[in-house]
Every structure is written in structure tokens, then in C-alpha cells.
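J.: Residues are numbered in the working numbering as their position in the sequence shown, beginning at 1, plus a constant of 310. Think of the CB as a built atom: it goes at the ideal place given N, C-alpha and C, for glycine as much as any other residue. So that we are looking at the same thing, I have put the structure below in C-alpha cells.
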Amino acid sequence: MTMKRIIVNDKMQSGYSYELSAPTGRDFAAGFTPELTPQQMLEMGVFEGHYLTDCTNEFPRAWFEKARINNERADISLNYFHVKSRLSLQEWQNKGWIIGPDIRGWFQWYCRYYYGRRLEDIDKIQIKRWQAFKRHKAQILKNCYIGDIDCRPRQRQALLQWAYNPLF
């Protein structure tokens, strides 16, 4: 595979570049089996439609063609479950959850990983965080009837934002 270099130039990050060293959507680390692609997540409605809106040049155009986004402001109605289910970027920064060059958090890391970037040490940390998030799926299974997608909408929205399918 010929390595492609991605140059990042958006509102929050410039002067950063990375190489795609894996095929898009393939060659994931063992144990990392996200249930949704970044494109599926954006189309279903995540982060109030106001995440990566200035990064459309970094990722494949198809990811944004049917995305539920709002370039002007966050809009809860764009979330799949129409509820807020996230902390602010400032809260993520204060908790030390912003890791490496992915200054917008886990979803930015996942988009770059899915696209083909590999950063071994950071990837291990982020994959462990993703695996730990699965506890929310177990809580929904324990407390909700199968197929009742109106049960625990905030947790389901959060699962969606971590690449888990919330529609079980």
C-alpha cells in the first residue's frame, strides 16, 4: 500500500499531518470490533451535529454526504435519540481524556484510525477506553426490554457516539 499523507488544517488544529498506513475500515487491532463506521455514526446523528464540521476536508467526502450536521451550532434534535449525551470538550480536557494529537477526543481518534492512521501506543489506550464503554450496553440489556429503544436514550446516544449499535 502506498502511504498517503493527510495534512490537517481546521479551526482547532493546523501543522499536524499523518500517514494512512492501513486500508480504510480494515486491519483493526485484535479485540477492536466497532459496530458502526464513522459515516454511519454521522448519518444517524451524533454530538448534536456539530462535531468535525470544519474537518470535512480531512476525511472522505462520502462520510458527510448524508451526515446530520449543523455548521452553525450544536442542535440536540440532530442526535439520533434527540437527547444530549456528552460532556464538553473543556470537561474532557480537565479530566485528561484528550490523548495525543486527537485534540477533539475519542471520536476524532476513531475517525483517523478507521481512515487508516495507526499510532500504536495511543491506539492501545483508546481501544481500552472503547472496550470499557461496553458496560453501558450491559446496563441497557439488564434494565430494558429487547427492542425498547426508548429505554435509556442518553445511554443509547452515548453508545452510538462510541461506535456501538444502540438499536438492540
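#1: Tell me whether Pro-476 is buried or exposed, calling it buried when 16 or more other Cβ atoms sit within 10 Å of its Cβ.
#2: Give me the Cα-Cα distance between Ala-468 and Asn-380, rounded to the nearest whole angstrom.
#3: Which parts of the segment 320 to 401 are runs of the alpha helix (DSSP H), unbroken and 4 residues or longer, counting only runs that do not cross its ends?
#4: Taking Arg-378 and Gly-355 to be in contact with their CB atoms under 8 Å, please state how far apart those CB atoms are, rounded to whole angstroms.
#5: Does the beta-carbon distance from Lys-439 to Ser-395 come in below 9 Å?
#6: If you draw a straight line from the C-alpha of Cys-365 to the C-alpha of Val-393, how long is it?
#7: I'd like the span of the alpha helix (DSSP H) that includes Phe-417, first residue to last.
#8: What separation, rounded to the nearest whole angstrom, lies between the Cα atoms of Pro-348 and Tyr-420?
#9: Going by CA-CA distance only, name the one from Gln-471, Leu-362, Arg-422 that's closest to Pro-333.
#10: Just to confirm my understanding: we take Pro-370, look at its own chain, exclude 5 residues before and 5 after, and list those with CB closer than 7 Å. What are they?
#11: With a threshold of 16 other CB atoms inside 10 Å of the CB of Met-313, please say whether the residue is buried or exposed.
#12: On the DSSP bridge list, what partners appear for Ile-316?
#13: Apply the 10 Å Cβ neighbour rule to Asp-460 and answer buried if 16 or more other Cβ atoms are within range, or exposed otherwise.
#14: What is the rounded straight-line gap between the Cα of Arg-427 and the Cα of Ser-331?
#15: Closer than 8 Å by C-beta to Gly-415: which residues in its own chain qualify, once you throw out the five before and the five after it? Chain order, please.
#16: Go to Lys-405, then tell me how far its alpha helix (DSSP H) extends in each direction, as first and last residue.
#17: For Tyr-455, does the count of other Cβ atoms within 10 angstroms reach 16, so buried, or fall short, so exposed?
T.: Per the coordinate set shown:
#1: buried
#2: 19 Å
#3: 348 to 354, 372 to 375
#4: 4 Å
#5: Reading the sequence as shown, one finds Arg at residue 439 and not Lys. Cβ atoms of Arg-439 and Ser-395: not closer than 9 Å.
#6: 24 Å
#7: 416 to 425
#8: 8 Å
#9: Arg-422
#10: none
#11: exposed
#12: Tyr-328
#13: exposed
#14: 6 Å
#15: Leu-399, Trp-402, Trp-407, Ile-408
#16: Careful: Lys-405 lies outside any alpha helix (DSSP H) and carries neither H nor E.
#17: exposed
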